[in-house]
Structures are given as structure tokens and as C-alpha cells.
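Trainee: Have a look at this one before I ask anything.
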Amino acid sequence: MSLEVKVPAVGESITEVTIAQWLKKDGDRVEMDEVIAELESDKATFELPAEAAGILRIVAQEGDTIDVGAVICRIDQDGAAASAPAAPAAEQAATPAAQESAPAATGGAGEAVEMKVPTVGESITEVTIASWLKKDGDQVEMDEVIAELESDKATFELPAEAAGTLEIVAKEGDTVEIGGLLCRIVPGAGAVKANAQANAKQEAANQQVAAKPAAAPSGAQTYASGTPSPAAGKILAEKGINAADVQGTGRDGRITKEDAQNAQQAAAKPAAAPAAKQEAAAEAPTATGDRNQRREKMSSLRKTVARRLVQVKNETAMLTTFNEVDMKPIMDIRAKYKDKFKEVHEVGLGFMSFFTKACTVALKEWPAVNAQIDGNEMVFSDFVDVSIAVSSPKGLVVPVIRNAESLTLDGIEKEVIRLAKKARDGKLSIEEMTGGTFTITNGGVFGSMMSTPIINAPQSAILGMHNIVQRPVAINGQVEIRPMMYLALSYDHRIIDGRESVSFLVRVKELLEDPMRLLLGV
Numbered sequence: 257m258s259l260e261v262k263v264p265a266v267g268e269s270i271t272e273v274t275i276a277q278w279l280k281k282d283g284d285r286v287e288m289d290e291v292i293a294e295l296e297s298d299k300a301t302f303e304l305p306a307e308a309a310g311i312l313r314i315v316a317q318e319g320d321t322i323d324v325g326a327v328i329c330r331i332d333q334d335g336a337a338a339s340a341p342a343a344p345a346a347e348q349a350a351t352p353a354a355q356e357s358a359p360a361a362t363g364g365a366g367e368a369v370e371m372k373v374p375t376v377g378e379s380i381t382e383v384t385i386a387s388w389l390k391k392d393g394d395q396v397e398m399d400e401v402i403a404e405l406e407s408d409k410a411t412f413e414l415p416a417e418a419a420g421t422l423e424i425v426a427k428e429g430d431t432v433e434i435g436g437l438l439c440r441i442v443p444g445a446g447a448v449k450a451n452a453q454a455n456a457k458q459e460a461a462n463q464q465v466a467a468k469p470a471a472a473p474s475g476a477q478t479y480a481s482g483t484p485s486p487a488a489g490k491i492l493a494e495k496g497i498n499a500a501d502v503q504g505t506g507r508d509g510r511i512t513k514e515d516a517q518n519a520q521q522a523a524a525k526p527a528a529a530p531a532a533k534q535e536a537a538a539e540a541p542t543a544t545g546d547r548n549q550r551r552e553k554m555s556s557l558r559k560t561v562a563r564r565l566v567q568v569k570n571e572t573a574m575l576t577t578f579n580e581v582d583m584k585p586i587m588d589i590r591a592k593y594k595d596k597f598k599e600v601h602e603v604g605l606g607f608m609s610f611f612t613k614a615c616t617v618a619l620k621e622w623p624a625v626n627a628q629i630d631g632n633e634m635v636f637s638d639f640v641d642v643s644i645a646v647s648s649p650k651g652l653v654v655p656v657i658r659n660a661e662s663l664t665l666d667g668i669e670k671e672v673i674r675l676a677k678k679a680r681d682g683k684l685s686i687e688e689m690t691g692g693t694f695t696i697t698n699g700g701v702f703g704s705m706m707s708t709p710i711i712n713a714p715q716s717a718i719l720g721m722h723n724i725v726q727r728p729v730a731i732n733g734q735v736e737i738r739p740m741m742y743l744a745l746s747y748d749h750r751i752i753d754g755r756e757s758v759s760f761l762v763r764v765k766e767l768l769e770d771p772m773r774l775l776l777g778v
């Protein structure tokens, strides 16, 4: 029987992939879940595992670009029985032991439930295991939260899909692709003990093989031995390091990303400095005091923020215009009504509600500032979803206030407080951070006097608030000390012209310096 292997769905926005390389040749025998190819999309590189054991029949060649759902190869499952007699003698010798342990492993306990990384968002291709809330070997209940996973956008919980004993496969800090195996849950106690014994035997065998890598013949290695992962392969290629010179620490000897990074550092060490440089270094004065350094792995969120900021700088015609606002009228209103406002609405009256409301009015008058570019089209929205930049313990996040144009001042304040609290607790969902049309960021809370904020793509503009400083200004021909704030509007010049950007910022200034306009709608 021939099994067709098709390109899996790897994301809602990905419609095609390119075959980067085949790890097995046409006619080779493959095992179940063995990685047989590496596929590349416009967002990530991922592995293609075999869906059955048998003989590989390649349909699409390396370099071909094929649609999601198209047939990429076939596996002739009938070839599994025909090739069985050709198994190595060592494998045949190990068969009786495996057969003896098989009844114990499955005796009445049921099959283990494999838990894989669920699909958590349209553009998310991988997650990082932030922490395991249960230990390996612990008993877990159905729907009990056993781990916290972290993507480049949010942190979410992983509930157990069955009751039983937990067998952890991926460790804390590991980055696993969507659909990758995280753990197994083994029902019943008998199966746990038998599986633990089988795992111990397998681990001992692996240690014996790892202890004598030089003496092991090439035929005894698995398909993964000495094979770099896609990320590791790119690092080795960039540094010109041969994969054969790198010792893999991954499963079955696979070269991981960390192995490639360490190999890069190791490769740089043998280059000895010339004698003249060594002498000069010896003569240089020795630095005194503590000179410690430490390295921390970038979180998925931090890596994504870094990538997107560089992408925005490279792909947009970003420009920033400035203005200043006299904050005295708003400060007077807050001083007069803040206690009554809190008593009635059970929330404090802050500056963010005034700025958000002023922006929604100005965006209605200048819709290009609220628009986006999609290919060769401009998308205009008749609603205003305001993204609020919030600094969380794990990095910058941007939750969205939906239909801010229809909210009152107290409604905006309540949404800001709700979203900020969820951001600090790491409980924001993907839906709460996507779909904004305009962004407001407040660097003034940290003391920033002026900045040029970066656009939150695919949006076209972002307003930057700053700290309030008492400065002398001319009021009706007289010099007065007023609380002043600089405003900065960064915008994409491809869709927003100078007239629109400046007029928008002037309109926001008018509304803030005369808050009665917000009440009267003028």
C-alpha cells in the first residue's frame, strides 16, 4: 500500500513552501516520524517527518515550490516487510529484548497520549517552553495545566489531554515548532514502571554509543547523526564550519542551534594571536575591579520585537513630525473633577483617556493616518482600534482598545487598566494584541522628553507622548510658566502626506488645549 505525504498546513497565511533539501534519497527505507526533508516558507524553516515506515518515493524535487496540501512524496508501506530481513545483526539481536519488554509496557494500561504544540496563532510557527508546572513522572489529571508556553506574541497555558503519568520530552527553554512533540501522558501505573525501565535501557544504550563515537561504524548511526537542524545549518554555513567537525548533542546525535553557536566560539579559539600582539598584551596594564559578564538567551518576544523593528525601518518611508501641547487645561480639569470622577466611575481620570479620545476625533477627520497599505491597495477603516504600548516584564506588548471612538473617557480608562494588568501578568491573548489601526506610546512615564517612535506595522502612524515639563511660554504677549509636553507623530510617508500628518497633530493639540471641544464635538 502506498501512502501519500502532503505538505502540511503550517500557518493560516502560508499557502506554499519550497523544498530546501531531501534528507533521504528516492528508494531509501524510512521509519515512522523520521525526518525526511526540510521545507521553507516565507516565515520559517521546518522539518517534514515520515508519516509511516516504508520505501520513499519522491514526487517533488529540491528547489520546487508547491502548494500546501499538494503531494510531496509517497511511502510504499509494502516495502517495509520486504526490507526487514536486511536489518543489521545488532538490530536482530536486540529484537528479543524489545519483545520481552513490549508486553510489560502495554499490559492493560492503554496507549500513551502524545501531546504536541497546538496551533496558537495565524503567524506563529514555534513556541518556547517557559516552564513545566509538573515534573517528569508526576501524576496529572485531565485538563490540569502542566506547562506554560511562550510565543513571540503571548504566553499561554498547556492543559493535560488525559489523566495519567507525565513523561516530559521537551525541556524548559527548548523552542519547539507547531505540531512538535512536548510530552506523553501514560495512563495507569504499570505502564509507567515498564516504560521507565525501557527508557533506562534505551538511555544506557545511547550512552554506550555516545561514549565510543569514533569506534562506531557509519552504518550504526541514525539518520539524525551529524545532521544539523535548519537553524544550526544556517549558522554553520555563515561561519564556514563543516558540520562533520561538530559534535551533536541533540536527539540521536542531531546538531542543535546551540551546538552550532558553541562550535562557532570553539572555532575562534584556536586562532592564536601573533607573538608581537602577545608581547604587547603582556606589557599592557592589567584592568582592576570586577569585570564580570553574563549572557542571557533572548526570549521569543524579544527576538520578534527586534526583527519587526528592523523590518519597519527597512520597509517603510518613516518620518516624524513634532508639536507641543499646553497641558494646563487638562490638568485643571483633573484637579477639579478627579475625586468625583473616581467616585462615580470607580476608576481614576488619567491623561491617556484624553489623548485617546482626541486621537479618535482627529483620525475621523484625517482617515489616511488611520489607514494601512496592503500590497498595491490602501485600506481605510471607519473604526478606530487604538493600540496602547505597554512595557511588561517580558518586553514591549501592544494590546488594542477596540472601537475607541465609541467609548467615553471612563470606558477608555477602564480598558487601559484592564489591558495593562493582563500585560503585567503575561495573560494577554493573541486576539487582544492584533488588529490595531493606530498606536499611542507614552515614554513620558519613564522621563522621556522627546523621541521618534517606530511605527507598529502594518499600521501607518504612531503618536508618542512625553514627560510634562514646566517651561516659559508666550501667552497673549506675556511670558508664563506652563506645563508643556512634546508630541511626536511618526508616519509612513508612502500613504500619509506632510499636510495630513501635520494637520492631524495640530488637531490633536487643539482638542487637548481646549477639552471643551471633545464634549461639544467641534
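Sequence positions in the sequence shown follow this note's numbering and run 257 to 778.
Note that CB positions come from ideal geometry on N, CA and C, so glycine has one too.
#1: Q628 to F639, Cα distance in whole Å?
#2: Does the beta carbon of S609 fall short of 8 Å from some heavy atom of the ligand GTP?
#3: Could you tell me if E406 is buried or exposed, where buried requires 16 or more neighbouring beta carbons within 10 angstroms of its beta carbon?
#4: On the criterion of 16 or more Cβ atoms from any shown chain inside 10 Å, does A573 qualify as buried, or is it exposed?
#5: What residue does the alpha helix (DSSP H) around T616 start on, and which one ends it?
#6: Taking the C-alpha atoms as reference points, what is the distance between G325 and E413?
#7: List the DSSP bridge partners of D320.
#8: So is L768 buried or exposed if we call it buried at 16+ other beta carbons inside 10 Å?
#9: Whole beta strand (DSSP E) runs in the region 288–312 with 3 or more residues, listed along the chain?
#10: Could you work out which residue in P415, C439, L761 is closest to F611 when comparing CA atoms only?
#11: Which residue from E423, S637, A309, T560 puts its Cα closest to that of F694?
#12: Answer with buried or exposed for G509, where buried requires no fewer than 16 other C-beta atoms within 10 angstroms of its C-beta.
#13: Which same chain residues end up closer than 6 Å to T431 when comparing Cβ atoms and leaving out the 5 residues on each side of it in sequence?
#14: On the DSSP letters alone, give me the boundaries of the beta strand (DSSP E) that R738 sits inside.
#15: So, with DSSP's three-state summary, where would you put K427?
#16: With which residues is N698 paired in a DSSP beta bridge?
#17: What residues match up with S648 in a beta bridge as DSSP calls it?
#18: What would DSSP say about A543, mapped onto helix, strand or coil?
#19: Mind pulling the beta strand (DSSP E) runs of 3 or more residues that sit fully within the region 376–428?
#20: On the CB-based measure, 16 or more other CB atoms within 10 Å of its CB, does I737 come out buried or exposed?
#21: For D641, count the other beta carbons within 10 Å of its own beta carbon; 16 or more makes it buried, fewer makes it exposed. Which is it?
#22: Output the boundary residues of the alpha helix (DSSP H) element that contains V640.
#23: Does the beta-carbon distance from S387 to A410 come in below 9 Å?
#24: At which residues does the alpha helix (DSSP H) containing S780 begin and terminate?
#25: Excluding the five sequence neighbours on either side, which residues of its own chain have a C-beta within less than 7 Å of the C-beta of V653, listed in chain order?
#26: So, are the CB atoms of E433 and F302 less than 9 Å apart?
#27: Any contact of the region 272–288 with the region 312–322, i.e. 3+ C-beta pairs under 8 Å?
#28: Taking the beta carbon of S662 as the centre, do at least 16 other beta carbons fall within 10 Å, making it buried, or is it exposed?
#29: According to DSSP, simplified to helix, strand and coil, what is T576?
#30: Our contact map puts A705 next to V725 with C-beta atoms below 8 Å; I'd like the distance itself, whole angstroms only.
#31: Short check: CB of Q317 to CB of E294, under 9 Å?
#32: Give me the Cα-Cα distance between I711 and R558, rounded to the nearest whole angstrom.
#33: Buried or exposed: which applies to V701, given that a residue is buried once 16 or more other Cβ atoms fall within 10 Å of its Cβ?
#34: The beta strand (DSSP E) with R780 in it runs from where to where?
Mentor: Looking at the coordinates:
#1: Locating residue 628 in the sequence shown gives position 372, counting from the first residue. Locating residue 639 in the sequence shown gives position 383, counting from the first residue. Between the alpha carbons of Q628 and F639 lies a distance of about 13 Å.
#2: No copy of the ligand GTP appears in this structure; indeed no ligand is present at all.
#3: Counted from its first residue, the sequence shown places residue 406 at position 150. Flag for E406 reads buried.
#4: Taking the first residue of the sequence shown as 1, we reach residue 573 at position 317. A573 comes out exposed.
#5: Position 360 of the sequence shown, counted from the start, is the residue given in the question as residue 616. Where T616 is concerned, the enclosing alpha helix (DSSP H) stretches over 607–621.
#6: Residue numbering aside, residue 325 sits at position 69 when the sequence shown is read from its first letter. Residue numbering aside, residue 413 sits at position 157 when the sequence shown is read from its first letter. Rounded to the nearest angstrom, the gap between the Cα atoms of G325 and E413 is 30 Å.
#7: Stepping through the sequence shown from its first residue, residue 320 is reached at position 64. According to DSSP, which records beta bridges pairwise, D320 is partnered with nothing at all.
#8: For the purposes of this step, residue 768 is taken as the residue at position 512 of the sequence shown. Here L768 is buried, its C-beta having at least 16 other C-beta atoms within 10 Å.
#9: For the beta strand (DSSP E) assignment, the uninterrupted runs of no fewer than 3 residues enclosed by the region 288–312 are, from N- to C-terminal side, 291–296, 301–305.
#10: Taking the first residue of the sequence shown as 1, we reach residue 611 at position 355. For F611, the nearest C-alpha among the options comes from L761.
#11: Mapped onto the sequence shown, residue 694 falls at position 438. Checked all of E423, S637, A309, T560; the closest Cα to F694 is S637.
#12: Sequence index remark: in the sequence shown, residue 509 carries index 253 (1-based). Burial call: buried.
#13: For the purposes of this step, residue 431 is taken as residue 175 along the sequence shown, with counting starting at 1. Same-chain partners within the cutoff: E382, T384.
#14: As a working note, residue 738 is residue 482 in the sequence shown. Unbroken beta strand (DSSP E) run through R738: 734–748.
#15: For this step, residue 427 is matched to residue 171 along the sequence shown. For K427, the secondary structure class from DSSP, reduced to helix, strand or coil, is coil.
#16: Taking the sequence shown and counting its residues from 1, the one referred to as residue 698 is at position 442. Note: N698 sits in a beta bridge opposite M721.
#17: Indexing the sequence shown from 1 puts residue 648 at position 392. G651.
#18: Numbered from 1 along the sequence shown, position 287 holds the residue referred to as residue 543. Coil at A543, not helix or strand.
#19: Fully enclosed beta strand (DSSP E) runs of 3 or longer: 382–388, 401–406, 411–415, 420–424.
#20: Mapped onto the sequence shown, residue 737 falls at position 481. Only exposed fits I737, as fewer than 16 other CB atoms lie within 10 angstroms of its CB.
#21: To locate residue 641, count along the sequence shown from 1; it is residue 385. Buried, since its Cβ has 16 or more Cβ neighbours within 10 Å.
#22: Taking the sequence shown and counting its residues from 1, the one referred to as residue 640 is at position 384. That residue, V640, is in no alpha helix (DSSP H); it is neither H nor E in DSSP.
#23: Taking the first residue of the sequence shown as 1, we reach residue 387 at position 131. Taking the first residue of the sequence shown as 1, we reach residue 410 at position 154. By the CB criterion at 9 Å, S387 and A410 fall outside the cutoff.
#24: Nothing about residue 780 can be read from this structure; the chain reaches only from 257 to 778.
#25: Within the sequence shown, numbered from 1, the residue matching residue 653 stands at position 397. Apart from the 5 residues on each side of it in sequence, V653 sits with its Cβ closer than 7 Å to the Cβ of V646, A679, L684, M689 in its chain, given in chain order.
#26: Within the sequence shown, residue 433 is the residue found at index 177, counting from 1. Within the sequence shown, residue 302 is the residue found at index 46, counting from 1. Contact: yes.
#27: Segments in contact, yes.
#28: On the sequence shown, position 406 is the one that residue 662 refers to. Burial call: exposed.
#29: The residue given as residue 576 occupies position 320 in the sequence shown. In this structure, T576 counts as strand in the three-state DSSP scheme.
#30: Residue mapping note: residue 705 aligns to position 449 of the sequence shown, counting from 1. Residue mapping note: residue 725 aligns to position 469 of the sequence shown, counting from 1. Checking the displayed sequence, the identity of residue 705 turns out to be Met instead of Ala. V725 and M705 do touch by the CB rule: their CB atoms are close to 7 Å apart, below 8 Å.
#31: Along the sequence shown, one-based indexing puts residue 317 at 61. Along the sequence shown, one-based indexing puts residue 294 at 38. Between Q317 and E294, the C-beta spacing is not below 9 Å.
#32: Mapped onto the sequence shown, residue 711 falls at position 455. Mapped onto the sequence shown, residue 558 falls at position 302. Taking the CA atoms as reference points, I711 sits about 17 Å from R558.
#33: Looking up residue 701 in the sequence shown gives position 445. With a threshold of 16 other beta carbon atoms within 10 Å, V701 falls short and is exposed.
#34: Since the first residue of the chain shown is 257 and the last is 778, residue 780 is not available in this structure.
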